[in-house]
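Quick notes on the structure that follows.
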Ligand code: SF4
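In my numbering, the protein residues as written are 44 to 150.
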């Protein structure tokens with residue numbers, strides 16, 4: 044019989060937060076820019092996406108994932124691409140990690 048004690052544990056719990064995402068039934072087009080989008084159109088789309096994020100019960104988990112995974116594109120956890128880059132750069136300068144409201148860390 045196979046000894047399963049040395050196998051890696053289930054990872055489903057790491058992604059369960061996505062089941063509760065406020066954006067779950069919204070198209071990804073609101074959160075990721077089309078290639079030719081610029082200026083006011085981009086700002087308006089991001090503003091609408093961030094409005095959804097403000098209501099999201101898993102916002103912290105989403106932001107934590109995006110920082111860990113170094114997601115380059117789109118709105119994650121209520122932050123846009125430049126905001127996440129700035130947050131990561133700030134963390135690197137200070138040597139600190141971003142803290143969630145519940146005390147978890149990212150990056
Ligand atoms: S924080 Fe925003 S992008 Fe992340 S899961 Fe929630 S609604 Fe979606």
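Think of the CB as a built atom: it goes at the ideal place given N, C-alpha and C, for glycine as much as any other residue.
Note that the structure is a prediction, hence the values are computed from the model and not measured.
TODO: List in chain order: all unbroken alpha helix (DSSP H) runs of 4+ residues lying wholly within the region 77-145.
DONE: 82-97, 102-111, 124-137
Open item on the list: Just to confirm the assignment, what range does the alpha helix (DSSP H) spanning residue 55 have?
Closed with: 55-58
Task: DSSP-derived helix/strand/coil call for residue 65 - done: Of the three classes helix, strand and coil, the one that applies to residue 65 here is coil, per DSSP.
Open item on the list: Quick check on residue 50: does DSSP put it in helix, strand or coil?
Closed with: coil
Open item on the list: Can you look up residue 72 in the DSSP assignment and give me helix, strand or coil?
Closed with: helix
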